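Trainee:
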Amino acid sequence: MAFPQPKPEPPQLPQHLLKTIDCKQGAVRAVRFNVDGNYLMSCGSDKSLKLWSVGRGTLLKTYSGHGYEVLDADSSYDNSQLCSCSSDKTVILWDVASGQVTRKLRGHAGKVNCVQFNEEATVILSGSIDGTVRCWDTRSRKNEPIQVLDEARDSISSLKVSQHELLTGSVDGRVRRYDLRMGQLHVDFISSPITCVCFSQDGQCTLSSSLDSTVRLLDKSTGEMLGEYTGHKMKGYKLDCCLSSKDTHVLSCSEDGHVYCWDLVEGSLSLKLPVGKAVVQSLSFHPTETRLLTAMEGRVQVWGVQPEEAEEDIQAS
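Mapping the sequence shown onto the numbering used here, position 49 (from 1) lands on 812, and the numbers just tick up by one.
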């Protein structure tokens, strides 16, 4: 006699506040998980970049070298290097262990909004208010970028790199996808300034948020709109959006103090997470687990599926 299969559990969402970290670095402009999700980086308006243990919430190191507020950061695949960008027009490559500046990359004509390593951490890509993306070779001693992509007509607000593809979002309302191997450029026009872009985990779709308070899911190869997600408020700030680690949900920051979380397929609002009374500046989803980082004013919040005590019991068992 065959028993019916048990119903699959609905995907859990990170709705319990596990800890709040007071970063003491002015306003936190961006918060990012590292590659394996054990550490987090917070970018401060006090010109500092800080590295924290997610589990303990303890400060591991402070990286000082920028001349103005830090706007974005990324960690290399082996956690040995960090890169960060700032309103001071520079990109800095850091040695994680020593906290020293390895390279300071100058060339952008204005503040640098976003930065990311490629998968091997041989190249840093940076996007700036000057409308260009610059690609820097981390191993070369040359100070010029190896490539400059200047197709955008306005500020580059966000970029993501995945294998041989680069996705950029610009204030000119366009999502551009560069196939670096084929030398091709694909452009999707969204009528409103783009604040954040990302690839889905399966690499089939792109997600973009824009200042018309809408997050859009597009089919990567055809540009067809697969989903629109609304309800949050995004009118005047450059805020993050992302997908959950298994592509089940779409998440976005909001100016009303919440993180909105929609079911990817149905488009319905699954969770409205109350973070606080101010703008949720930034968020980052754990690469493999159901954990979420949010940044508001000078603090970073770590969210999980269960309250902290239950999480510790699970790990202990």
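Where a beta carbon is used, it is the ideal one built from N, C-alpha and C, also for glycine. Being a predicted model, the structure only gives us computed values, none of them experimental.
Should aspartate 935 and valine 878 be called a contact, given that it needs their Cβ atoms to be closer than 9 angstroms?
Mentor: Cβ distance not < 9 angstroms, so aspartate 935 and valine 878 don't count as in contact.
Trainee: Please decide whether leucine 981 counts as near chain C, where near means a Cβ-Cβ distance under 9 angstroms.
Mentor: Included in the structure is just one protein chain, with no chain C present.
Trainee: So, is histidine 1012 buried or exposed, given that buried needs 16 or more other C-beta atoms within 10 angstroms?
Mentor: By the 10 Å Cβ count, histidine 1012 comes out buried.
Trainee: Below 8 angstroms, how does it come out for the region 1043-1050 and the region 796-806: are there three or more Cβ pairs, yes or no?
Mentor: The region 1043-1050 is in contact with the region 796-806.
Trainee: Within 10 angstroms of its Cβ, does glutamate 928 collect 16 or more other Cβ (buried), or is it exposed?
Mentor: It is buried - the Cβ of glutamate 928 has at least 16 other Cβ atoms within 10 Å.
Trainee: Do serine 971 and threonine 993 have their CB atoms nearer than 9 angstroms?
Mentor: It is not a contact, given that the beta carbons lie outside the stated cut-off.
Trainee: Going residue by residue through the region 1001-1053, where are the continuous beta strand (DSSP E) segments of at least 3 residues, counting only ones entirely within it?
Mentor: Runs found: 1004-1006, 1012-1016, 1021-1026, 1032-1037 and 1043-1048.
Trainee: Would aspartate 1010 and leucine 1027 qualify as a contact pair, given that the criterion is a beta-carbon distance under 9 angstroms?
Mentor: Yes, these two residues count as a Cβ contact at 9 angstroms.
Trainee: Can you tell me the Cα-Cα spacing of aspartate 913 and serine 889, whole angstroms?
Mentor: Computed Cα separation, rounded: 12 angstroms.
Trainee: In three-state terms, what does DSSP make of glutamine 844?
Mentor: If DSSP states are grouped into helix, strand and coil, glutamine 844 belongs with the strands.
Trainee: How long is the line joining the alpha carbons of leucine 1034 and histidine 995, rounded to whole angstroms?
Mentor: Distance between the alpha carbons of leucine 1034 and histidine 995: 12 angstroms.
Trainee: The beta strand (DSSP E) that contains leucine 980, what's its start and end?
Mentor: Leucine 980 -> beta strand (DSSP E) spans 977-982.
Trainee: So is methionine 988 buried or exposed if we call it buried at 16+ other beta carbons inside 10 Å?
Mentor: Exposed, since its Cβ has fewer than 16 Cβ neighbours within 10 Å.
Trainee: Please give me, in chain order, every unbroken run of the beta strand (DSSP E) with length at least 3 that falls completely inside the region 916-986.
Mentor: The region 916-986 contains these whole beta strand (DSSP E) runs: 919-925, 928-933, 937-942, 947-952, 957-962, 968-973 and 977-982.
Trainee: Tell me whether methionine 988 sits in a helix, a strand or coil according to DSSP, three-state version.
Mentor: Reduced to three states, the DSSP call for methionine 988 is strand.
Trainee: Grouping DSSP H, G and I as helix and E and B as strand, with all else coil, what is valine 1065?
Mentor: Strand at valine 1065.
Trainee: Mind checking glutamine 1064: buried by the 16 CB within 10 Å criterion, or exposed?
Mentor: Result: buried.
Trainee: Since histidine 779 is in the beta strand (DSSP E), which residue starts that stretch and which ends it?
Mentor: Unbroken beta strand (DSSP E) run through histidine 779: 779-785.
Trainee: Assuming glycine 873 and serine 891 form a contact by the criterion Cβ under 8 angstroms, report the distance between their Cβ atoms to the nearest whole angstrom.
Mentor: Glycine 873 to serine 891, Cβ: 6 angstroms. Contact.
Trainee: If you compare alpha carbons, which of Lys824, Leu822, Asp858 and Val938 is closest to serine 954?
Mentor: Checking every option, the nearest Cα to that of serine 954 belongs to Val938.
Trainee: Kindly indicate which three-state DSSP category glutamine 879 falls into: helix, strand or coil?
Mentor: Glutamine 879: strand per DSSP, three-state reduction.
Trainee: If you drop the 5 nearest sequence neighbours on each side, which residues of the same chain put their C-beta closer than 8 angstroms to that of glutamine 844?
Mentor: Closer than 8 angstroms at Cβ, skipping near neighbours: Ser838, Leu856, Trp857, Asp858, Val859, Thr865, Phe880, Ala884 and Thr901.
Trainee: For phenylalanine 952, count the other beta carbons within 10 Å of its own beta carbon; 16 or more makes it buried, fewer makes it exposed. Which is it?
Mentor: Exposed, by the Cβ-count rule.
Trainee: Where does serine 805 fall in DSSP's three states?
Mentor: Note: serine 805 maps to strand in three-state DSSP.
Trainee: For the beta strand (DSSP E) that isoleucine 855 lies in, which residues bound it at each end?
Mentor: Run containing isoleucine 855: 853-858, per the beta strand (DSSP E) assignment.
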